[in-house]
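With mature numbering (1 follows the signal peptide of the UniProt record, and there is no 0) applied, the sequence shown covers -24 to -1, 1 to 289. Using N, Cα and C, we set each Cβ at its ideal position, and we do this for glycine too. Predicted, not measured: the structure shown is a model, and the values here were computed from it. Working notes, beginning with the structure itself.
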Amino acid sequence: MTIRLFHLPLIASAVLVSMLPARAQDNFYSSSNGSVSAFAGIGFTNLQAGEYVYDGGHKLSQLDWKSKNVPTAKLGATLELGYNWRLKGKLDFGMRGDGHMVDRDWMDYSIDDWTDRSVHPDTKLDHYLNGMIEADRTIYQTESTRLALGGGLGYSDVQWSGYGGSYVYSNYSLHDTVGTFADGEKGITYRQKIPVAFVSANAEQSIGALTLSGGLQGGATFGISDIDDHWMRDLRFTDDMKPAPMIGANVSLDYQLLPSASIYVAGDYQKIYHAKGDTKVESTIVPASAKFDDAAGADFQAWSVSFGVKGRF
């Protein structure tokens, strides 16, 4: 039987559960005073990004990038700092995956319908990384309940490449030219880098061996930076967006198996709202470039489900 890369966290998790002897509420590994905890798991993530080009107030182009059910490894840790403070961090690694991209253009300003469209079912997710560090402070606590407020920083990095596909263009009249690109021919590569800052509200409730926890985040990006390579045209577009609102949410249900270990199932969601920015266009074969203000736009969404083991030490 072939063992795939995304099976490894599950195998490691099973081994750790069998070896851990002691207690946990929220985590994968354990110590004497329970001040440090950690988790490891595997999940599936859906990703969606929008890429936009503007000419003044007119939307000239929109590219919709998507990937579904991307195998994702998840790691994280929590440190109890004392004085009711808690420090948390996590990393998500998307282990490649398939995708889909649709590219639409509105070249005729006198009509509302798109004039050119290409569809690229052979789109690959090159990479996905999401990290977060958060500190919160307890504002209410009993033996079974905790409420806390805090804040933190996050960073996401995602990239797709589109290959082959089909097109409908408007050369002489609307939608009059139909054709296909060569299979496997790279058309466009698109990358977003997204730093964010947020405030958060978190809650936990324990009922016997079960612990339900969740959190809400609200904040803003420091501005999405993106790179768009058009390989057939030998052009690179580099965009810097203005700050945009972000929201996030997470929920986790843990079941305590051993005094130091539990299993969990969790869900996460993040949305970066649309923002405009400036763009630089440069040739990749000759030293020529140009800059345009408010000519680009971007947005992003990610949601995932995961399961794994947690422990405290």
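- Of the candidates D133, V95 and M108, M108 places its Cα closest to the Cα of F174.
- Checking the DSSP bridge columns, you'll see W41 partnered with A25 and M77.
- Annotated three-state conformation of S11 is coil, per DSSP.
- In the three-state DSSP reduction, I18 falls in the strand class (E or B).
- In this structure L211 is in contact with V257, their Cβ atoms being roughly 6 angstroms apart against a cut-off of 8 angstroms.
- Below 8 angstroms, too few C-beta pairs join the stretch 132 to 141 and the stretch 173 to 191 to call them touching: fewer than three.
- In the DSSP assignment, F268 falls within the unbroken beta strand (DSSP E) covering S265 to R288.
- Contact annotation: D68 and A49 have beta-carbon atoms nearer than 9 angstroms.
- Taken through DSSP and simplified to helix, strand or coil, W90 comes out as coil.
- Comparing alpha carbon positions, the residue from I203, M71, Y30 and T156 closest to N106 is M71.
- In the DSSP assignment, F157 falls outside any beta strand (DSSP E) and carries neither an H nor an E.
- If you draw a straight line from the Cα of K35 to the Cα of V29, it comes to about 6 angstroms.
- Around the C-beta of Q117, fewer than 16 other C-beta atoms lie within 10 Å, and the residue is accordingly described as exposed.
- Contact between L39 and M77 holds, since their C-beta atoms are separated by about 6 angstroms, short of 8 angstroms.
- The straight-line gap separating the alpha-carbon atoms of H96 and F289 is approximately 48 angstroms.
- Sorting P219, D269 and N22 by C-alpha distance to the C-alpha of G243 places N22 at the top.
- Sequence-distant partners of F213 (beyond 5 residues in either direction) whose C-beta falls short of 6 angstroms from its own C-beta, in its chain, are D204, T255 and V257.
- Listed in chain order, the non-local C-beta contacts of Y143 below 6 angstroms within the same chain comprise S94 and G155, local neighbours out to five positions each way being set aside.
- The C-beta of R62 has 16 or more other C-beta atoms within 10 Å across all chains shown, which makes the residue buried.
- Spanning the alpha carbons of S228 and G19 requires a straight line of approximately 13 angstroms.
- CA-CA distance, E27 to A274, rounds to 5 angstroms.
- Within the same chain, V257 come within 7 angstroms of A266 by CB-CB distance, once the 5 residues on both sides are set aside.
- When the Cα atoms are used, S13 and D270 turn out to be separated by approximately 45 angstroms.
- Under the DSSP assignment, D133 falls in the beta strand (DSSP E) whose first and last residues are T121 to Y139.
- Around the Cβ of R209, a 10 Å sphere holds fewer than 16 other Cβ atoms; the residue is exposed.
- The alpha carbon of S43 has as its nearest neighbour, out of S280, G287 and E110, the alpha carbon of S280.
- Classified as buried, Y104 has 16 or more neighbouring CB atoms from the shown chains inside 10 Å of its CB.
- A Cβ-Cβ separation of about 29 angstroms leaves A16 out of contact with W41 under the 8 angstroms criterion.
- Three or more Cβ pairs drawn from the stretch 214 to 233 and the stretch 190 to 198 lie within less than 8 angstroms of each other, which places the two stretches in contact.
- DSSP, reduced to helix, strand and coil, places L150 outside both helices and strands of the structure shown, so it counts as coil.
- Counting the other Cβ atoms within 10 Å of the Cβ of N178 gives 16 or more, which makes it buried.
- It is roughly 39 angstroms from the alpha-carbon of D31 to the alpha-carbon of E110.
- Comparing alpha-carbon positions, the option among M222, A185, L51 and K169 lying closest to L192 turns out to be M222.
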